[in-house]
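**Student:**
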Amino acid sequence: MDEQYDVIVLGTGLTECILSGIFSVEGKKVLHIDRQDHYGGESASLSLSQIYEKFRPGEPVRQSLGRDRDWNVDLIPKFLMANGELTNILMHTNVTRYMEFKQISGSYVYRDRRIAKVPSNEMEAIRSPLMGLFEKRRMKRFFEFISNYEEGNPSTYQGLNLDRNSMLEVYTKFGLEAGTKDFIGHAMALYLDDDYLTKPARETVERILLYAKSMARFGKSPYLYPLYGLGELPQGFARLSAIYGGTYMLDKPVDEVVYENGVAVGVRSGDETARAKIIIGDPTYFPTKVRKTGKVIRVICVLTRPIPNTDNADSLQIVIPQNQIGRKHDIYIAMVSASHKVASEGHYLAIVSTIIETDNPLNEITPAMHLLGPVVEKFVGITDLLEPVEDGTKDHVYISKSYDATSHFETTTDDVKDIYERIEGKPLVLKKRPVDDEDNFTA
Amino acid sequence: MAVARDSTSSTRFAQFKLVLLGESAVGKSSLVLRFVKDQFDDYRESTIGAAFLTQTIALDESTTIKFEIWDTAGQERYKSLAPMYYRNANCAVVVYDITQAASLDKAKSWVKELQRQANENIIIALAGNKLDLDGKRQVETAAAEAYASESGLLFFETSAKSGENVTELFTAIAKRLPLETASSRQRTAPKGVDLSRPNRRAPAASNNGCTC
Ligand SMILES: Cc1cc2nc3c(=O)[nH]c(=O)nc-3n(C[C@H](O)[C@H](O)[C@H](O)COP(=O)(O)OP(=O)(O)OC[C@H]3O[C@@H](n4cnc5c(N)ncnc54)[C@H](O)[C@@H]3O)c2cc1C
Ligand SMILES: Nc1nc2c(ncn2[C@@H]2O[C@H](COP(=O)(O)OP(=O)(O)OP(=O)(O)O)[C@@H](O)[C@H]2O)c(=O)[nH]1
Ligand SMILES: [Mg+2]
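Taken in sequence, the protein lines are chains A and B.
The opening residue of the first sequence carries number 1 in the numbering used here; numbering runs sequentially from there.
The opening residue of the second sequence carries number 1001 in the numbering used here; numbering runs sequentially from there.
1. Under 6 Å: does the beta carbon of L1133 of chain B sit that close to some heavy atom of ligand 2?
2. Return yes when the C-beta of K102 of chain A is under 6 Å from any heavy atom of ligand 3, and no when it is not.
3. In whole angstroms, what is the alpha-carbon distance linking L1195 of chain B and V429 of chain A?
4. In its own chain, which residues sit with a C-beta less than 6 Å from the C-beta of K1106 of chain B, not counting the 5 before and 5 after it?
5. Excluding the 5 residues preceding and the 5 following A974 of chain B in the sequence, name in chain order all residues of the same chain whose CB lies nearer than 8 Å to its CB.
6. When you compare each of A:C301, A:G294, A:L176 to G373 of chain A by their alpha carbons, which one comes out closest?
7. How would you list, in chain order, the residues of chain B whose beta-carbon sits under 9 Å from the beta-carbon of T156 of chain A?
8. Would S1159 of chain B count as contacting chain A if we go by Cβ distances under 7 Å?
9. Can you tell me whether E424 of chain A is helix, strand or coil according to DSSP?
10. So which residues of chain A does S1196 of chain B contact, with C-beta pairs closer than 9 Å?
11. Do we get a CB-CB distance below 7 Å when we pair R1185 of chain B with the residues of chain A?
12. Tell me whether K1028 of chain B counts as near ligand 3, meaning its Cβ is closer than 6 Å to at least one heavy atom of that ligand.
13. Compare the C-beta of V1193 of chain B with all C-beta atoms of chain A and state if any pair is closer than 7 Å.
14. Are the beta-carbon atoms of D282 of chain A and G13 of chain A separated by less than 7 Å?
15. Could you please tell me which residues of the region 297 to 329 of chain A, in chain order, have their CB closer than 8 Å to any CB of chain B?
16. Going by DSSP, what residues sit across from S353 of chain A in a beta bridge?
17. Do the region 278 to 295 of chain A and the region 385 to 399 of chain A meet, that is, are 3 or more Cβ pairs less than 8 Å apart?
18. Assuming I307 of chain A and A368 of chain A are in contact, meaning their beta carbons sit under 8 Å apart, how far apart are those beta carbons, in whole angstroms?
19. Could you give the distance in angstroms between the alpha-carbon of P234 of chain A and the alpha-carbon of Y39 of chain A?
20. Measuring only from the beta carbon, is S241 of chain A closer than 6 Å to any heavy atom that is part of ligand 2?
21. Compare the C-beta of Y223 of chain A against all C-beta atoms of chain B and say whether one is closer than 7 Å.
22. Please classify A313 of chain A as buried or exposed, where buried requires at least 16 neighbouring CB atoms within 10 angstroms.
23. According to DSSP, what are the bridge partners of K1017 of chain B?
24. Give a yes or no on contact between the region 266 to 275 of chain A and the region 41 to 57 of chain A, applying the rule of three or more CB pairs nearer than 8 Å.
25. Closer than 8 Å by C-beta to R114 of chain A: which residues in its own chain qualify, once you throw out the five before and the five after it? Chain order, please.
26. Within this structure, are the beta carbons of V30 of chain A and S214 of chain A separated by less than 7 Å?
27. Just to confirm, is the Cβ distance from Y191 of chain A to Q324 of chain A under 7 Å?
28. To which residues of the same chain is K292 of chain A closer than 8 Å at the C-beta, ignoring the five residues directly before and after it?
29. Compare the C-beta of E100 of chain A with all C-beta atoms of chain B and state if any pair is closer than 7 Å.
30. Under 7 Å between C-beta atoms, does Y1078 of chain B make it to chain A?
31. Between which two residues does the beta strand (DSSP E) holding A1125 of chain B run?
32. Which runs of the alpha helix (DSSP H) at least 4 residues long sit entirely within the region 219 to 277 of chain A? Give them in chain order.
33. Quick one: is the Cβ of N1165 of chain B within less than 6 Å of any heavy atom of ligand 2?
34. Buried or exposed for H329 of chain A, please, with buried defined as at least 16 other CB atoms from any protein chain shown within 10 angstroms of its CB.
35. Report whether the distance from the Cβ of S1024 of chain B to the nearest heavy atom of ligand 2 is below 6 Å.
36. What's the call for I126 of chain A, buried or exposed, on a 16-neighbour Cβ count within 10 Å?
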């Protein structure tokens, strides 16, 4: 490892692996190290024995759960938006060919103490108990407004300006009820709290359109999920990087980042030092260079039955908007199952998550736990959300953010683009990889 | 794996994922190059930039088998091969170099890993490569053969350089593949979504059709 590289990447989480893949494809010489013996860092999918080892060291794996190899348990609950940026990056880089994706079967929202399906087609929308007939008409006018809004064409503005008017003003203009605002802001725009209401409407509108376009893409829900778990994603990008010459070292201790005059110049492991002008890493490698922005609780629950009142869906998301249960942040439930090759036959994996607001986080999530039905096994994780204090331009250390509490990867790809731009001084432009550059070619 | 039957004739066509494993420099890429292109390169560099190769063999008049061959892309070098690599593999060729005793130990550890983690029905072949260097042999044929049969592996000694036993190796694997069960399965086995499919319709961009 005593060599000169262009980029050294620490940690094999998804953010790091995407960057590693992109830089290798662009011709940079990349060394990618993880101190753990498996890929994925915080975004890994672990086998049952690894999960027990992590959450309950020393305890034996529950026998009834079946074979270890059938399990790939995600540590963070996220889905891909079908029309989102991660899907786009996967397609541009051809990483899709290492993986297979399935649709998430349904998207649900909690309203008045019960859950209802977010409509995925016109029939469902008409029958939906989520709103009354008159409110549905108002909602329709609102949808028409946002989908027809066209920059530079004042006849589509209806007297509103998305960059100046707040979202609250837009809602008010269409006379939408409180419950409808919760639905739009939390089940479609997927905001975790209500801060968006007072901000310019543009971002919210874009999020609603992303949701609607993702929903329209494959039909059942806006979400996709990779077979064998989310941990396949970092592995796929790591393979991309390796194919373009990236060097991978797992289970490699990282003893220190070496600095000269305050600028990082390499990484030392034991008595070896690899040198590079650019160091990228996840926050766990730089405890003194990050700050805490919040705390998330994630409870991994093993079920033997589908979640009640969901038509036996094999996978789903449930959003519990904060207002519905008197909180400041939404609670999410993300569920996948044996049909995604993440659990043994007859098992379902649900992760309940939210941003912690009190010093009794388990208590905070009880409304969600009540929706799950019987839980046969439960693993509780509480993690700090971390972000870099500096942007890395001074010391050449570029640190990613923790995986946040959102239900999808849009903030992850934002972070990828942001880090790329901090390093390169220009925005990331993905070039389509030729389809057959892996075929019948040896180097 | 996918199997399709041509409706007009009785030819069968099946595709299988094959992975290569083994210590660096034992000749994994060379074996594939010999199999796919019938070439050999004395000064082959350690693999980077290679990944998929495909090769089709006609097993008999009515059966064609296509191997989608995955090379390690060098990720095995520092014990960093991703499990995704052998996930879903139908067959694996685990290679050692007959002139390097230690490379057989490494091969055995790969076999163990595959038996623990990979597809249960995976077909594993053990290949003792560089047979042309018989004079420098460190691994006796009988010892490797005994290990292979005890572990349920196909076994061949090969030379990517001379070509000896290379086609035989891949043909033997093809013959072991579960064609019958495979062909009885539907061509339209449940597949994931196709990400490259264009949008089903213009996204929520119309004022008709909404009856809410
Ligand atoms: C959260 C959510 C709530 C929805 N609520 C309703 C609802 O209450 N009533 C309803 O009819 N549809 C609603 N939709 C849209 C609905 O789900 C379907 O996308 C739409 O009705 C088209 O259905 P279709 O399968 O018949 O598609 P198509 O027959 O292909 O589409 C019919 C037409 O409807 C248009 N359309 C699609 N989405 C919308 C939309 N959101 N608003 C206006 N036009 C649209 C399409 O562009 C198309 O021209 C909602 C969508 C979402 C994501
Ligand atoms: N004499 C002889 N040399 C061989 C044979 N097969 C491969 N070699 C040589 O061994 C070296 C390594 O071969 P590769 O095919 O690159 O080995 P590899 O296992 O793919 O190596 P990595 O890509 O580093 O994992 C090259 O110099 C080849 O020319 C063989 O059958 N006989
Ligand atoms: Mg090679």
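Backbone N, C-alpha and C fix where the C-beta goes; we use that ideal spot for every residue, glycine too.
**Tutor:** Well, looking at it:
1. For L1133 of chain B, the shortest separation between its Cβ and any heavy atom of ligand 2 lies below 6 Å.
2. Distances from the CB of K102 of chain A to the heavy atoms of ligand 3 are all 6 Å or more.
3. 20 Å
4. E1023
5. Because residue 974 of chain B is not part of the residues shown, which for chain B are 1001 to 1212, the question remains open.
6. A:C301
7. By Cβ distance, chain B contributes nothing, its closest Cβ being about 11 Å from T156 of chain A, past 9 Å.
8. It does not; no Cβ of chain A falls within 7 Å.
9. In the three-state reduction of the DSSP assignment, E424 of chain A falls in the helix class, which pools H, G and I.
10. M91, T96
11. In this predicted model, R1185 of chain B has a pLDDT of only 36, less than 50, meaning its place in the structure is not dependable enough to derive any value.
12. yes
13. yes
14. Against a cut-off of 7 Å, the Cβ pair of G13 of chain A and D282 of chain A comes out as a contact.
15. So the list is empty, because no residue satisfies the distance condition.
16. Its beta-bridge partners are A:R298, A:Y332.
17. Because the criterion of three Cβ pairs below 8 Å is met, the region 278 to 295 of chain A and the region 385 to 399 of chain A touch.
18. About 10 Å separates the two Cβ atoms, so there is no contact after all.
19. 7 Å
20. no
21. no
22. So A313 of chain A ends up on the buried side.
23. B:E1068
24. The region 266 to 275 of chain A, when compared against the region 41 to 57 of chain A, does not touch it at the 8 Å Cβ threshold.
25. N309
26. no
27. no
28. Counting only residues of its own chain and dropping the five nearest sequence neighbours on each side, K292 of chain A has a CB closer than 8 Å to the CB of D384, L385, L386.
29. yes
30. At least one CB of chain A lies nearer than 7 Å to the CB of Y1078 of chain B.
31. 1123 to 1129
32. Scanning the region 219 to 277 of chain A for uninterrupted alpha helix (DSSP H) segments of 4 residues or longer gives 232 to 243, listed from N- to C-terminal end.
33. no
34. buried
35. Yes, since a heavy atom of ligand 2 falls inside the 6 Å radius drawn around the Cβ of S1024 of chain B.
36. exposed
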